[in-house]
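>
2 protein chains.
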Amino acid sequence: MISEKMKVQVQNSSVIRAMFEEGKRLAGIYGAENVFDFSLGNPNVEPPEEVKQAILEILQSEKSMNIHGYMNNSGYEDVRTTIAQSINDKFGTAFTQNNIIMSVGAGGGLNVIFKTLLNPEDQVITFAPFFGEYRSYVANYDGELVIVSPNTVDFQPNLEEFKEKITPKTKAVIINSPNNPTGVIYSEETIVKLSEILREKEKEFGTDIYLISDEPYRELAYDNTEVPYPSKYYANTIIGYSFSKSLSLPGERIGYIVVPSEAADYENIISAANIATRILGFVNAPSLFQRVAAKCLNAKVDLEGYNRNRELLYKGLSAYGYQCIKPEGAFYLFVKTPIENEVEFCNLAKKKNILLVPGSAFGCPGYVRIAYCVAYKTIEKALPSFKALMEEIR
Amino acid sequence: MISEKMKVQVQNSSVIRAMFEEGKRLAGIYGAENVFDFSLGNPNVEPPEEVKQAILEILQSEKSMNIHGYMNNSGYEDVRTTIAQSINDKFGTAFTQNNIIMSVGAGGGLNVIFKTLLNPEDQVITFAPFFGEYRSYVANYDGELVIVSPNTVDFQPNLEEFKEKITPKTKAVIINSPNNPTGVIYSEETIVKLSEILREKEKEFGTDIYLISDEPYRELAYDNTEVPYPSKYYANTIIGYSFSKSLSLPGERIGYIVVPSEAADYENIISAANIATRILGFVNAPSLFQRVAAKCLNAKVDLEGYNRNRELLYKGLSAYGYQCIKPEGAFYLFVKTPIENEVEFCNLAKKKNILLVPGSAFGCPGYVRIAYCVAYKTIEKALPSFKALMEEIR
Chain A
1 MISEKMKVQV QNSSVIRAMF EEGKRLAGIY GAENVFDFSL GNPNVEPPEE
51 VKQAILEILQ SEKSMNIHGY MNNSGYEDVR TTIAQSINDK FGTAFTQNNI
101 IMSVGAGGGL NVIFKTLLNP EDQVITFAPF FGEYRSYVAN YDGELVIVSP
151 NTVDFQPNLE EFKEKITPKT KAVIINSPNN PTGVIYSEET IVKLSEILRE
201 KEKEFGTDIY LISDEPYREL AYDNTEVPYP SKYYANTIIG YSFSKSLSLP
251 GERIGYIVVP SEAADYENII SAANIATRIL GFVNAPSLFQ RVAAKCLNAK
301 VDLEGYNRNR ELLYKGLSAY GYQCIKPEGA FYLFVKTPIE NEVEFCNLAK
351 KKNILLVPGS AFGCPGYVRI AYCVAYKTIE KALPSFKALM EEIR
Chain B
1001 MISEKMKVQV QNSSVIRAMF EEGKRLAGIY GAENVFDFSL GNPNVEPPEE
1051 VKQAILEILQ SEKSMNIHGY MNNSGYEDVR TTIAQSINDK FGTAFTQNNI
1101 IMSVGAGGGL NVIFKTLLNP EDQVITFAPF FGEYRSYVAN YDGELVIVSP
1151 NTVDFQPNLE EFKEKITPKT KAVIINSPNN PTGVIYSEET IVKLSEILRE
1201 KEKEFGTDIY LISDEPYREL AYDNTEVPYP SKYYANTIIG YSFSKSLSLP
1251 GERIGYIVVP SEAADYENII SAANIATRIL GFVNAPSLFQ RVAAKCLNAK
1301 VDLEGYNRNR ELLYKGLSAY GYQCIKPEGA FYLFVKTPIE NEVEFCNLAK
1351 KKNILLVPGS AFGCPGYVRI AYCVAYKTIE KALPSFKALM EEIR
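Note that the protein sequences, when read in sequence, are chains A and B.
Under this note's numbering, the first residue of the first sequence carries the number 1, and numbering increases by one thereafter.
Under this note's numbering, the first residue of the second sequence carries the number 1001, and numbering increases by one thereafter.
#1: Look at the alpha carbon of A27/A and the alpha carbon of S39/A, and state the distance between them as a whole number of angstroms.
#2: Would you please verify whether the beta carbon of Q1097/B is less than 8 Å from any beta carbon of chain A?
#3: On a CA-only basis, which of Y30/A, I197/A, T96/A and A293/A is nearest E397/A? Give me that one, please.
#4: Where K232/A and T190/A are concerned, what is the direct C-alpha to C-alpha distance, given to the nearest angstrom?
#5: For the segment 1-24 of chain A, which residues have a CB atom closer than 7 Å to at least one CB atom of chain B, in sequence order?
#6: With three or more beta-carbon pairs closer than 8 Å as the criterion, would you say the segment 329-337 of chain A touches the segment 365-376 of chain A?
#7: Can you check whether the CB of P1250/B is closer than 8 Å to the CB of P1396/B?
#8: Does DSSP classify P1358/B as helix, strand or coil?
#9: Answer with yes or no whether the minimum CB distance from E46/A to chain B is below 8 Å.
#10: Assess, as a yes-or-no matter, whether the segment 291-311 of chain A is touched by the segment 133-142 of chain A under the definition of 3 or more beta carbon pairs within less than 8 Å.
#11: For the alpha helix (DSSP H) that D203/A lies in, which residues bound it at each end?
#12: Taking DSSP as the reference, what is the three-state secondary structure of A1172/B?
#13: According to DSSP, which residues form a beta bridge with G1031/B?
#14: Using the Cα positions of A1272/B and T96/A, report the straight-line distance between them to the nearest angstrom.
#15: By Cβ distance, which residues of its chain are closer than 8 Å to V153/A, with the 5 residues on each side in sequence left out?
#16: In the DSSP output, which residue or residues are listed as bridge partners for Q1323/B?
#17: Mind listing the chain A neighbours of T1093/B? Cutoff is C-beta to C-beta under 8 Å, in chain order.
#18: Quick one: list the residues of chain B neighbouring T116/A, beta-carbon separation under 8 Å, in chain order.
#19: In the DSSP assignment, the alpha helix (DSSP H) including G107/A goes from what residue to what residue?
#20: What residue does the alpha helix (DSSP H) around A276/A start on, and which one ends it?
#21: Out of K63/A, P120/A, V258/A and K7/A, which one is the CA nearest neighbour of E1004/B?
#22: What whole-angstrom Cβ distance do I1402/B and Q9/A have, given they're in contact under 8 Å?
#23: For T1237/B, does the three-state DSSP call read helix, strand or coil?
#24: Cα separation between L117/A and N98/A?
#25: Does the beta carbon of D37/A come closer than 8 Å to any beta carbon on chain B?
#26: When the Cα of T277/A is compared with those of E1050/B, A1264/B, N1180/B and R1253/B, which residue comes out closest?
#27: What residues in its chain sit with their C-beta under 6 Å from that of A1264/B, if we drop five residues either side in the sequence?
#28: Whole-angstrom Cβ separation of F331/A and A361/A, contact assumed at under 8 Å?
#29: From the DSSP output, in three-state form, read off L1247/B for me.
#30: Cα-Cα, which of A1032/B, S1013/B, I1058/B and E1049/B is closest to G1132/B?
#31: Here's a check: name, in chain order, each residue in its chain whose Cβ is nearer than 6 Å to the Cβ of Y76/A, leaving out the five neighbours to either side.
#32: With a threshold of 7 Å (Cβ to nearest heavy atom), would V1335/B be considered close to the ligand HEM?
#33: Identify whether E1215/B lies in helix, strand or coil by the three-state DSSP scheme.
#34: Please tell me whether L396/A has its Cβ less than 8 Å away from any Cβ of chain B.
#35: With DSSP as the reference, please indicate the residues paired to E144/A in a beta bridge.
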């Protein structure tokens, strides 16, 4: 009696659930400390101290009604102004509160964007490997996700194939950099070329094509690598940002959308996104954490913790003969599996109590994602098992 | 370049926006204290002190990662257990955490329910007058909202017409009691009869029909009037609850769904609602406020404040010759307009700086909604204008 669309979703998710259950089963047998769960992209670094201080300050200085009450569906005006100014300071943009809509995390923001833009059968292009939820987000509004195959040399987008896949039905392109699952940052060169292709195709087809930039990992970039701000290269950009990783607040569901005034149909997009926020049932981003986020725009989680994990895991796996690109951001390593069938590899790993996600979940078979947002000790303890796994296969 | 569906939404919402802008314009000319804005259902009573205490306690006793991290999409297990027990204590039900999914307010919960249940063209029945957002919530999943015309004698549902409107395509019925906009509580007799009709029709058509009970106002019942718990009368019930009004936390977006184990296809509904929570982009209800809600299940806003407003406004308007049912719950008065065209009446009221919502927004023309969640003083100051308005019309 559930809907046909949800029947498919329930069926698909039972695979993931099975893996989750298997993890619990292994933990029951061997003890949680002896199961190496690299399957979840769940921040393990504490929120910065500023978060707690911000909550306490707000509770002390504001009237309860002003902390927990309704506001405009787009969010508090002062919060949006503060965020706009912060982006302007960092990237030399010229946003105001009228370019910002507070969202229920990036997931909520992306749903609002797709609800705003998509007619049934509109196409949205993404580059494999990609965050698997895009399939559902686009399907929610009866759009079609078009996948550009991976460039496994450096995991920058495959722009030649991209060019060929743009059609008059292409309504949007969604990118995610730093990328889940590869950790790769799309270079300035990539963004410049991608923008040129989009402008060319807009002209050719007489259409507007929006570049949606999904940015939950923007602040998680190592070695001071720059993450280009896409609206500076392409006017029809819409950005979906989240504080989930930058402040380790994934449970609080707080983020924002940016729609530049230069974007085609800007006024209608802002109006529609505002209404979509309401009618999809978000109504508004959680109110207390709107204020907390505004107070913590310069606070950062301990990136060094993730960086240590990255170095340890990357060096270890490379030494054992695993092949992967050294990630520049996020907290994932995307590793080529020493046997072709990566699902089989995941099963072999599971026998050593290592839990991984197969690359097919991200549209890129032959690889696995290792989420290293775990304790340093977990990586130390897991490395010998990775080594043994490689030796076994060889 | 926005979607066709959203174009319609933007167009419709411009009427409401015009009213909102008019309110701001009037406030600019006459001063905010001389504009009587009865148009917004925004709680004006402070959250109970327990809310602040709960936040402080949680910040002190829990690790940050446990407060702000991810959890199961359905919400924290201990929170769901506490809520289930609280419902059981109050209503003699037998729920466990497996019957509860935490939601982003009632709006988020209802979207999750409709996403879970509706195939395109499925029908959802509601009783006028009804909360206008149901139109959008059902349309989001391509369902059809079927409206039973109002019973203006006592604003209990018109069950004769209801019976006729149930078809094999009826997937659900949505009720809202205490009701927005009438403040009427559906009686036990109503719920019993409604349940009988549903069971009869399920048998006749060989279908399952879900009764969705939208309950943001459950705790706002005056004179100890009982609000029947619908799952006790009808197995195929799904409840959408919100803490927005009971704890005056509308901005925090916290509520829950209840799916009784007896409901048809219970297991699939729970699985699908869990996934729908994720793929619609809610991911989970805001984490800190899940814990806050669980600690404040017995806390209550100052109902007496709303009650004083109710008495003052109801007595005043009745004395001037306005006709309305004395509301038993929520914070709305639904008043028959002394002239037939209620939009015209709203315009006359606006000339006296009184802002109201026309009944047509709730599928019930010839009436206006007065939201009395305002300062007592606002009602005192507005009453002479209501009197003058009636005299003018006569």
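All C-beta atoms in this analysis are idealised placements derived from N, C-alpha and C, irrespective of residue type, glycine included.
With the structure as the only source:
#1: In the first sequence, counting from the first residue as 1, residue 27/A sits at position 27. In the first sequence, counting from the first residue as 1, residue 39/A sits at position 39. Rounded to whole angstroms, A27/A to S39/A spans 14 Å at the Cα level.
#2: Taking the first residue of the second sequence as position 1, residue 1097/B is located at position 97. Contacts with chain A at 8 Å (Cβ-Cβ) do not include Q1097/B.
#3: Nothing can be reported for residue 397/A, as the shown portion of chain A is limited to 1 through 394.
#4: By one-based count along the first sequence, residue 232/A stands at place 232. By one-based count along the first sequence, residue 190/A stands at place 190. If you take the alpha carbons of K232/A and T190/A, they lie about 13 Å apart.
#5: Taking 7 Å as the Cβ-Cβ cut-off against chain B, the residues of the segment 1-24 of chain A that qualify are M1, I2, S3, E4, M6, Q9, V10 and S13.
#6: When C-beta atoms of the segment 329-337 of chain A are compared with those of the segment 365-376 of chain A, three or more pairs fall below 8 Å, so the two segments count as touching.
#7: Residue coverage of chain B in this structure runs from 1001 to 1394, which leaves residue 1396/B outside it and unanswerable.
#8: On the second sequence, position 358 is the one that residue 1358/B refers to. Correct three-state label for P1358/B: strand.
#9: Counting from one through the first sequence, the residue named residue 46/A turns up at place 46. Interface annotation, E46/A: in contact with chain B, CB-CB separation under 8 Å.
#10: Output reads no: the segment 291-311 of chain A does not touch the segment 133-142 of chain A.
#11: Within the first sequence, the letter at position 203 stands for residue 203/A. Checking the sequence shown, residue 203/A turns out to be Lys, not Asp. Annotation: the continuous alpha helix (DSSP H) that includes K203/A extends over E188 to F205.
#12: The sequence position of residue 1172/B within the second sequence is 172, counting from 1. Reduced to three states, the DSSP call for A1172/B is strand.
#13: Within the second sequence, residue 1031/B is the residue found at index 31, counting from 1. G1031/B pairs with nothing; no bridge assigned.
#14: Mapped onto the second sequence, residue 1272/B falls at position 272. Mapped onto the first sequence, residue 96/A falls at position 96. Going by the C-alpha atoms only, they are around 39 Å apart.
#15: Here residue 153/A corresponds to residue number 153 of the first sequence, with the count starting at 1. So the list is empty, once near-sequence residues are dropped.
#16: Looking up residue 1323/B in the second sequence gives position 323. Residue pairing by DSSP places Q1323/B opposite K1336/B in a beta bridge.
#17: On the second sequence, residue 1093/B is found 93 positions in, with the first residue counted as 1. Those do not exist, as T1093/B stays about 22 Å from chain A at its closest Cβ, beyond 8 Å.
#18: Reading the first sequence from its first residue, position 116 is the one you call residue 116/A. Contact annotation for T116/A against chain B: I1002, S1003 and M1006 [CB-CB distance below 8 Å, chain order].
#19: Reading the first sequence from its first residue, position 107 is the one you call residue 107/A. G105 to L117 is the extent of the alpha helix (DSSP H) around G107/A.
#20: As a first step, residue 276/A must be located in the first sequence, where it is residue number 276. First-last of the alpha helix (DSSP H) with A276/A: Y266 to I279.
#21: As a position in the second sequence, residue 1004/B is number 4, starting the count at 1. The option with the nearest alpha carbon to E1004/B is P120/A.
#22: Chain B is shown only over 1001 to 1394; residue 1402/B falls outside these bounds and no answer can be derived.
#23: In the second sequence, the residue the question calls residue 1237/B occupies position 237. In the structure shown, T1237/B sits in a strand (DSSP, three-state: E or B).
#24: One-based indexing of the first sequence puts residue 117/A at position 117. One-based indexing of the first sequence puts residue 98/A at position 98. About 18 Å.
#25: Here residue 37/A corresponds to residue number 37 of the first sequence, with the count starting at 1. So, not an interface residue.
#26: Counting from 1 along the first sequence, the entry for residue 277/A is found at position 277. In terms of CA proximity to T277/A, R1253/B leads the group E1050/B, A1264/B, N1180/B and R1253/B.
#27: Against the second sequence, residue 1264/B aligns to sequence position 264. Sequence-distant Cβ neighbours of A1264/B in its own chain, meaning closer than 6 Å and more than five residues away, are D1208 and N1236.
#28: What you label residue 331/A is simply residue 331 of the first sequence in a count that begins at 1. What you label residue 361/A is simply residue 361 of the first sequence in a count that begins at 1. So it is not a contact: roughly 17 Å between Cβ atoms.
#29: The count along the second sequence starts at 1 and reaches residue 1247/B at position 247. Three-state DSSP puts L1247/B in coil, outside helix and strand.
#30: Taking the second sequence and counting its residues from 1, the one referred to as residue 1132/B is at position 132. The candidate whose alpha carbon is nearest that of G1132/B is S1013/B.
#31: Position 76 of the first sequence holds residue 76/A. So the list reads Q290, once near-sequence residues are dropped.
#32: Questions concerning the ligand HEM fall outside what the structure shown contains, since it holds no ligand whatsoever.
#33: One-based indexing of the second sequence puts residue 1215/B at position 215. Strand at E1215/B.
#34: Past the boundaries of the shown model lies residue 396/A; chain A is included only from 1 to 394, so the question cannot be answered.
#35: What you label residue 144/A is simply residue 144 of the first sequence in a count that begins at 1. In DSSP, E144/A forms a bridge with Q123/A.
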